[in-house]
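Numbered per the numbering used here, the sequence shown spans residues 1 to 442.
From the three backbone atoms N, C-alpha and C, an ideal C-beta is built for every residue, glycine too.
So the structure is just underneath, and the comments pick up after that.
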Amino acid sequence: MNQKKVNVAIAGGGATHTPGIIQALLESRDKLPLNELRLYDIDPKKNDDMYVIIKEMMKQYKIDDVSLTETTDPQEAFTDIDFVFSQIRVGDLEMREKDEKIPLKFGLVGQETCGVGGFAYGLRSIKGLLELVGYIQKYAPDAWILNYTNPESLIAEAVRRQYPHAKMLNACDMTISIEETIARNYGYNRKNWICQYYGLNHFGWYTSIYDKSLHREIMPEIIHKLQEKPMKIASFNAKDPSWQDAWNMLTEILRLFPDYLPNNYLEYYLFPDLVVKAADPHYTRANQVIDGRVKETRELADQIRQGKAEDFDFDFGEHGNYIVDMAASILNDSHERFMLIVPNHGAIPNLRPDAVVEIPAYVGCTGAEPISMREPINDFHKGLMEAQDAAEKLLVDAYFENSYQKALQAMTLNQTVPSADKAKKALDALMEANKEYWPHLK
Ligand code: G6P
Ligand code: MN
């Protein structure tokens, strides 16, 4: 095993997911030995709250041979770094709230990564990510960038166009969270699973789950259980009961389309009308997050500053482990298997080669080696994916070409949107709200 000690930077260090990632890092030092940890964020207050929490965490873990720094300066953050974990959120939760609330005004799905709100976030996020990748190319051209920043398909496509040789892997924790929640609900160990899955990011299906310890295919029995009643939120989401709605919708999707286990995010594309009806236009997910984990994080940092912190007891699910395991698989060239967001290049044989797909891949020291599906996918999934992928391509074109027309086409083609009239109204309102962030569309 490679025992080189690595330097890791977290871009978006002030985000509430940082403790989970750090916890995973601290618990994985046998396979990913740590030298330095750096928190980088453009918001010094949030970054410092996190610095205080992580410092305390390291004390509790009795770790004194890893240096921890906080910075708002990209040069300081990335010089000599080996891995950058990106979880930046351009415009922070205040803009997420607008992505969610503005579409609802027009009767459209208001969601951070899906629908017109997701596309609005996309135009902000591409800009921020390209800037970040630019800094890393400048200060640490050999570093690996492991990206969690949303909306991931759009980012993957934009970075590929501007920096085709960037050492970047784009990963989403949703599949692992679905798997972990299923395993905890029904008493499986997902470490024994070999999963076949394909789709776009937040838009895909499992076609097989083989359990090595049971020596058999278990997807049909899982689907059967889910059809009977929705699974419960797992303990790592216990403080956040709103995830229950997502699992309820998973069951709804399976009642109509029982052949494959879907990603729960498909609810926004398959049932946009029901999603809009169930939404509270005055209090969306962004508000829940601001009043929930963001507030708790701030309070925890203040308690620690006042010397009042107790032992933490964190259960973050698989979110942190997933990205840390990926870094370890690169460092040790261990070819573990992950779901990654990559250019198709024939992996799904009957889909355009430049589609940005989410599929399993082996990860080693040269990056991702995606696994071919070998067989063509069915027309239902193909049709849904092609429309969404074309909409995403148009949006990335709109970004690079400053094209209002292409942005309008992208929003109209998005399957959460039933009318070009609504697409235009929402686009105009989102453009106004995003003046500071979007490229100028004309
Ligand atoms: C999942 C998705 C992420 C998304 C997150 C939202 O983990 O994979 O891409 O950002 O859910 O969670 P939140 O609690 O912020 O609504
Ligand atoms: Mn995701």
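Looking at N344 and M355, is the spacing between their C-beta atoms short of 7 angstroms?
The count along the sequence shown starts at 1 and reaches residue 355 at position 355. The count along the sequence shown starts at 1 and reaches residue 344 at position 344. Sequence inspection shows Ala at residue 355; the Met mentioned does not correspond to that position. Their beta carbons are under 7 angstroms apart, which means A355 touches N344 by this criterion.
I need the boundaries of the beta strand (DSSP E) containing I194, first residue and last residue.
On the sequence shown, residue 194 is found 194 positions in, with the first residue counted as 1. Looking at the DSSP string, the run of the beta strand (DSSP E) that includes I194 is W193 to L200.
Would you mind giving the Cβ-Cβ distance between L34 and N47, rounded to the nearest angstrom? I have them listed as a contact below 8 angstroms.
For the purposes of this step, residue 34 is identified with residue 34 of the sequence shown, where counting begins at 1. For the purposes of this step, residue 47 is identified with residue 47 of the sequence shown, where counting begins at 1. Actually they are not in contact, since the Cβ atoms of L34 and N47 sit about 19 angstroms apart, beyond 8 angstroms.
Cβ-heavy atom distance between C114 and the ligand G6P below 6 angstroms?
In the sequence shown, residue 114 corresponds to position 114, counting from 1. It does not: the Cβ of C114 is nowhere closer than 6 angstroms to a heavy atom of the ligand G6P.
State the start and end residues of the unbroken alpha helix (DSSP H) segment that holds G115.
In the sequence shown, counting from the first residue as 1, residue 115 sits at position 115. It spans G115 to Y139 - the alpha helix (DSSP H) in which G115 sits, taken as one unbroken run.
Count the other CB atoms, across all protein chains shown, that sit within 10 Å of the CB of N263; report buried if there are 16 or more and exposed otherwise.
Sequence index remark: in the sequence shown, residue 263 carries index 263 (1-based). By the 10 Å Cβ count, N263 comes out buried.
Measuring CB to CB, does A158 end up less than 7 angstroms from V396?
Here the question's residue 158 lines up with position 158 in the sequence shown. Here the question's residue 396 lines up with position 396 in the sequence shown. Closer than 7 angstroms, so yes.
Could you say if the region 265-274 and the region 244-255 meet the contact criterion of at least three C-beta pairs nearer than 8 angstroms?
yes
Does DSSP put E97 in a helix, in a strand, or in coil?
Taking the sequence shown and counting its residues from 1, one reaches residue 97 at position 97. Three-state result, E97: helix.
Can the beta-carbon of W247 be found closer than 7 angstroms to that of P258?
Locating residue 247 in the sequence shown gives position 247, counting from the first residue. Locating residue 258 in the sequence shown gives position 258, counting from the first residue. It is not a contact, given that the beta carbons lie outside the stated cut-off.
Taking 5 angstroms as the limit, tell me which residues put their C-beta closer than that to any heavy atom of the ligand ATP, in chain order.
Only the ligand G6P and the ligand MN can be found as ligands here, which leaves the ligand ATP out of the picture.
Counting beta carbon pairs with one atom in the region 104-121 and one in the region 50-57, are three or more of them shorter than 8 angstroms?
no
Could you check which residue in A433, Y437, Q75 and H440 has the C-alpha nearest to that of P103?
Within the sequence shown, the letter at position 103 stands for residue 103. Out of A433, Y437, Q75 and H440, A433 has the C-alpha closest to the C-alpha of P103.
Regarding N237 and the ligand G6P, is the C-beta to nearest heavy atom distance less than 6 angstroms?
Mapped onto the sequence shown, residue 237 falls at position 237. No, the ligand G6P has no heavy atom inside 6 angstroms of this Cβ.
Along the chain, where does the beta strand (DSSP E) that runs through F78 open and close?
Start at 1 with the first residue of the sequence shown, and residue 78 comes out as number 78. Counting along the chain, F78 falls outside any beta strand (DSSP E), though it belongs to the alpha helix (DSSP H) covering P74 to F78.
Looking only at its own chain, which residues have a Cβ that is under 6 angstroms from the Cβ of A15, when we skip the five neighbours before and after it?
By 1-based counting over the sequence shown, the position of residue 15 is 15. Taking C-beta separations shorter than 6 angstroms and ignoring five residues to either side along the sequence, the partners of A15 in its chain run Q87, following chain order.
Here's the rule I'm using: 16 or more other beta-carbon atoms within 10 Å means buried, otherwise exposed. How should C172 be labelled?
Indexing the sequence shown from 1 puts residue 172 at position 172. Label assigned to C172: buried.
Which residues mark the beginning and the end of the beta strand (DSSP E) in which M168 is found?
Counting from 1 along the sequence shown, the entry for residue 168 is found at position 168. First-last of the beta strand (DSSP E) with M168: M168 to N170.
When you measure from the CB of V289 to every non-hydrogen atom of the ligand G6P, does any distance come out below 6 angstroms?
Start at 1 with the first residue of the sequence shown, and residue 289 comes out as number 289. Indeed, a heavy atom of the ligand G6P lies less than 6 angstroms from the Cβ.
Assign P19 to one of two classes, buried (16 or more other C-beta atoms within 10 Å of its C-beta) or exposed (fewer than that).
The residue labelled residue 19 in the question sits at position 19 within the sequence shown. Buried, by the Cβ-count rule.
Excluding the 5 residues flanking Q60 on each side, which residues of the same chain have their C-beta closer than 8 angstroms to its C-beta?
Start at 1 with the first residue of the sequence shown, and residue 60 comes out as number 60. For Q60, where only same-chain residues beyond five positions count, the Cβ hits under 8 angstroms are D311 and F312.
In terms of residues, what are the limits of the beta strand (DSSP E) holding P272?
Numbered from 1 along the sequence shown, position 272 holds the residue referred to as residue 272. Looking at the DSSP string, P272 is not in any beta strand (DSSP E); the run it does join, the alpha helix (DSSP H), is P272 to A278.
Could you tell me if the beta carbon of R298 falls within a distance shorter than 6 angstroms of some heavy atom in the ligand G6P?
Residue 298 sits at position 298 when you count from the first residue of the sequence shown. R298 Cβ: outside cutoff for every heavy atom of the ligand G6P.
Taking C-alpha atoms, which residue in N7, E27 and A11 lies nearest to I42?
The residue given as residue 42 occupies position 42 in the sequence shown. Ranking the options by Cα distance to I42, first place goes to A11.
Assuming the contact rule is C-beta atoms closer than 8 angstroms, E358 and N201 should be a hit. Round their C-beta distance to whole Å, please.
Taking the sequence shown and counting its residues from 1, one reaches residue 358 at position 358. Taking the sequence shown and counting its residues from 1, one reaches residue 201 at position 201. At roughly 5 angstroms, the Cβ-Cβ gap stays under 8 angstroms, so E358 and N201 are in contact.
Per DSSP, what are the beta-bridge partners of A11 in this structure?
In the sequence shown, the residue the question calls residue 11 occupies position 11. For A11, which the question treats as bridged, DSSP gives the partners Y40 and S86.
Taking only the alpha-carbon atoms, compute the straight-line gap between A279 and D92 and give it to the nearest angstrom.
Here residue 279 refers to the residue found at position 279 when the sequence shown is read from its first residue. Here residue 92 refers to the residue found at position 92 when the sequence shown is read from its first residue. For A279 and D92, the distance between alpha carbons rounds to 21 angstroms.
Could you check if F236 is buried or exposed, using at least 16 other CB atoms within 10 Å of its CB as the buried criterion?
The residue you call residue 236 lines up with position 236 of the sequence shown. With 16 or more other Cβ atoms within 10 Å, it is buried.
Looking at the ligand G6P, does it come within less than 6 angstroms of R285, judged from the CB to the closest heavy atom?
Numbered from 1 along the sequence shown, position 285 holds the residue referred to as residue 285. Yes.
If you follow the alpha helix (DSSP H) that R337 is in, where does it begin and where does it stop?
Along the sequence shown, read from residue 1 onward, the residue named residue 337 stands at position 337. First-last for R337: E336 to P343, but that is the beta strand (DSSP E), not the alpha helix (DSSP H).
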